[in-house]
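Encoded as structure tokens, the structure appears first; notes follow it.
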Amino acid sequence: MSEAKAADRLSARTTGPGRVILALYVVFVIGATSRAAAQILTRFDAAPLAYSLSAVAAAIYIVATVALAVPGERAWRVSVAAISVELAGVLVVGTWSVLRPEQFADASVWSHYGRGYLFIPLVLPVLGLWWLARSRGPRPRR
Amino acid sequence: MTASVGRAQAPGATVDYLDGWATAALSVGLLVAALCLVAGLRGRPPGRWTVGASVILQVVLLAYLVRYLVAMATGSSPVGPAWELWAYLVTVAVLPALGLAWAREEHSRWGTLVLAVMAVVAAVMCGRVAQIWYGVGVAPA
């Protein structure tokens with residue numbers, strides 16, 4: 129009885145494929161946050177633009193991950209917004225780094241469309257939006 | 017991390033930062049990932065083999081961490097930044113445990129695929145640790 133209740137409260141977004149997507153997001157929160165913190169604290173002057181963009185990426189990953197993990201309609205909308213911004217960010221920063229490589233003395237998470245991270249930053253928001261479109265609604269689905 | 021998979025090297029060049037330890041950790045990680053990926057794609061929930069393999073990977077990764085602990089305690093030091101090395105090592109060492117904790121709650125193919133994701137990430141990060149140790153692809157100070 130209480131178990132069923134707990135399952136109801138659990139977000140439909142964190143079961144099934146959502147769990148794999150959330151796992152990837154958790155990894156990117158760890159990766160992007162530690163990378164941005166390290167770059168900014170130790171050598172900010174070397175590539176200020178790239179490092180600031182790393183920090184922005186880290187912040188967006190944190191918001192997206194928390195919103196994915198939290199149940200409810202409002203969190204669903206926050207996660208759609210955060211992941212849309214994430215997709216736009218990868219595309220804009222990726223294109224920017226290709227067109228103006230001299231402004232990227234060192235890599236940021238999203239430069240060259242996330243090449244340094246096996247292009248997962250490019251695929252992840254697409255997967256995320258697909259999953260959010262599928263998992264909308266009050267009832268968890270299998 | 018742009019050179020993380022040796023992309024900048026000429027074809028056929030030896031990836032000389034992969035010493036025995038790194039090769040072992042990387043290979044076990046990729047093997048466990050392949051096992052979990054196949055099991056997940058076949059629709060298997062986390063079971064004896066996939067959970068067992070992830071536990072073995074966890075042990076290997078802890079040994080990998082201890083290896084660097086011993087190396088630094090006996091006077092060696094990485095070419096790249098030490099704090100970055102340890103940030104990776106500590107993250108790597110908790111990944112399989114995190115995946116296993118999650119797989120317990122998700123008794124479907126997706127739980128198995130979480131194990132696969134964690135193993136791939138751990139393998140890649142082990143390679144990155146070796147790069148930092150030997151100073152491959154490390155940002156200029």
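Going down the list, the protein sequences come from chains A and B. Be aware that the first sequence starts at 129, since it is given in my numbering, and climbs by one per residue. Be aware that the second sequence starts at 17, since it is given in my numbering, and climbs by one per residue. Beta carbons are placed, not taken as given, at the ideal position from N, Cα and C, and that holds for glycine. Quick caveat: nothing in here was measured; it's all calculated off a predicted structure.
Considering only C-alpha positions, which residue in the set B/Met141, B/Ala103, B/Ile72, B/Val54 is nearest to B/Ala113?
-> Residue numbering aside, residue 113 of chain B sits at position 97 when the second sequence is read from its first letter. For the residues B/Met141, B/Ala103, B/Ile72, B/Val54, the minimum Cα distance to B/Ala113 belongs to B/Ile72.
Contact set for A/Ala178: own chain, Cβ-Cβ below 6 angstroms, skip 5 residues either direction | Residue numbering aside, residue 178 of chain A sits at position 50 when the first sequence is read from its first letter. Excluding residues within five positions, the ones whose Cβ falls inside 6 angstroms are Phe232, Asp234, Ser236.
Answer yes or no: does any C-beta atom of chain B fall closer than 9 angstroms to that of A/Ala186?
-> Reading the first sequence from its first residue, position 58 is the one you call residue 186 of chain A. Chain B, which has no Cβ nearer than 9 angstroms to the Cβ of A/Ala186, makes this no.
Neighbourhood of B/Pro62 by C-beta, 6 angstroms cutoff - its chain only, sequence neighbours within 5 removed | For this step, residue 62 of chain B is matched to residue 46 along the second sequence. Within the same chain, B/Pro62 has close Cβ partners Ala119, Gly127, Thr128.
Pick from A/Ser162, A/Val208, A/Tyr241, A/Glu201: whose alpha carbon is nearest that of A/Gly222?
-> Taking the first sequence and counting its residues from 1, the one referred to as residue 222 of chain A is at position 94. Closest in C-alpha terms to A/Gly222, from the list A/Ser162, A/Val208, A/Tyr241, A/Glu201, comes A/Tyr241.
Is A/Leu150 near A/Thr193, with beta carbons less than 9 angstroms apart?
-> For this step, residue 150 of chain A is matched to residue 22 along the first sequence. For this step, residue 193 of chain A is matched to residue 65 along the first sequence. Cβ atoms of A/Leu150 and A/Thr193: closer than 9 angstroms.
Any idea what DSSP makes of B/Ser43, helix, strand or coil?
-> Working through the second sequence from its first residue, we reach residue 43 of chain B at position 27. Of the three classes helix, strand and coil, the one that applies to B/Ser43 here is helix, per DSSP.
Any idea if A/Phe172 is buried or exposed, counting beta-carbon neighbours within 10 angstroms, 16 or more meaning buried?
-> Along the first sequence, read from residue 1 onward, the residue named residue 172 of chain A stands at position 44. Flag for A/Phe172 reads exposed.
Leaving out five residues before and five after B/Leu51 in sequence, what residues of the same chain have Cβ atoms less than 6 angstroms from its Cβ?
-> As a first step, residue 51 of chain B is located in the second sequence; it is residue number 35 there, counting from the start. Within the same chain, B/Leu51 has close Cβ partners Ala69.
Would you mind giving the Cβ-Cβ distance between A/Val218 and A/Pro253, rounded to the nearest angstrom? I have them listed as a contact below 8 angstroms.
-> By 1-based counting over the first sequence, the position of residue 218 of chain A is 90. By 1-based counting over the first sequence, the position of residue 253 of chain A is 125. At roughly 7 angstroms, the Cβ-Cβ gap stays under 8 angstroms, so A/Val218 and A/Pro253 are in contact.
Through-space distance from B/His123 to B/Gly56, alpha-carbon basis = Here residue 56 of chain B refers to the residue found at position 40 of the second sequence. Here residue 123 of chain B refers to the residue found at position 107 of the second sequence. B/His123 has its alpha-carbon roughly 11 angstroms from the corresponding atom of B/Gly56.
Since A/Ile168 meets chain B, which of its residues come closer than 9 angstroms, beta carbon to beta carbon?
-> Here residue 168 of chain A refers to the residue found at position 40 of the first sequence. Under the 9 angstroms cutoff, chain B gives no residues; its nearest Cβ is about 13 angstroms from A/Ile168.
Does the beta carbon of B/Gly45 sit closer than 9 angstroms to a beta carbon anywhere in chain A?
-> By 1-based counting over the second sequence, the position of residue 45 of chain B is 29. Interface flag for B/Gly45 against chain A is unset, since no Cβ pair is found closer than 9 angstroms.
Cβ of A/Ala151 within 9 angstroms of any chain B Cβ = Taking the first sequence and counting its residues from 1, the one referred to as residue 151 of chain A is at position 23. With its beta carbon less than 9 angstroms from one in chain B, A/Ala151 belongs to the interface.
For B/Pro61 and chain A, any beta-carbon pair shorter than 9 angstroms?
-> For the purposes of this step, residue 61 of chain B is taken as residue 45 along the second sequence, with counting starting at 1. At a cut-off of 9 angstroms between beta carbons, B/Pro61 makes no contact with chain A.
Expressed to the nearest angstrom, what Euclidean distance is found between the alpha-carbon atoms of B/Ala41 and B/Gly143?
-> Translated into the one-based positions of the second sequence, residue 41 of chain B becomes position 25. Translated into the one-based positions of the second sequence, residue 143 of chain B becomes position 127. Straight across, the Cα-Cα distance linking B/Ala41 with B/Gly143 is about 8 angstroms.
Secondary structure at A/Asp173, three-state DSSP: helix, strand or coil?
-> By one-based count along the first sequence, residue 173 of chain A stands at place 45. A/Asp173: helix per DSSP, three-state reduction.
Along the chain, where does the alpha helix (DSSP H) that runs through B/Ala139 open and close?
-> Here residue 139 of chain B is taken as the residue at index 123 of the second sequence, counted from 1. 125-150 is the span of the alpha helix (DSSP H), which, as asked, contains B/Ala139.
Inter-residue Cα distance where the pair is B/Val130 and B/Thr66 = Counting from 1 along the second sequence, the entry for residue 130 of chain B is found at position 114. Counting from 1 along the second sequence, the entry for residue 66 of chain B is found at position 50. Rounded to whole angstroms, B/Val130 to B/Thr66 spans 11 angstroms at the Cα level.
With DSSP as the reference, label B/Val154 as helix, strand or coil.
-> If you number the second sequence from 1, residue 154 of chain B lands on position 138. DSSP places B/Val154 in coil when its eight states are reduced to three.
Inter-residue Cα distance where the pair is A/Thr161 and A/Gly244 = As a first step, residue 161 of chain A must be located in the first sequence, where it is residue number 33. As a first step, residue 244 of chain A must be located in the first sequence, where it is residue number 116. One Cα belongs to A/Thr161, the other to A/Gly244, and the distance between them is close to 15 angstroms.
If you measure from the beta carbon of A/Arg147 to each beta carbon in chain B, is any gap under 9 angstroms?
-> The residue you call residue 147 of chain A lines up with position 19 of the first sequence. With 9 angstroms as the cut-off, A/Arg147 counts as an interface residue toward chain B.
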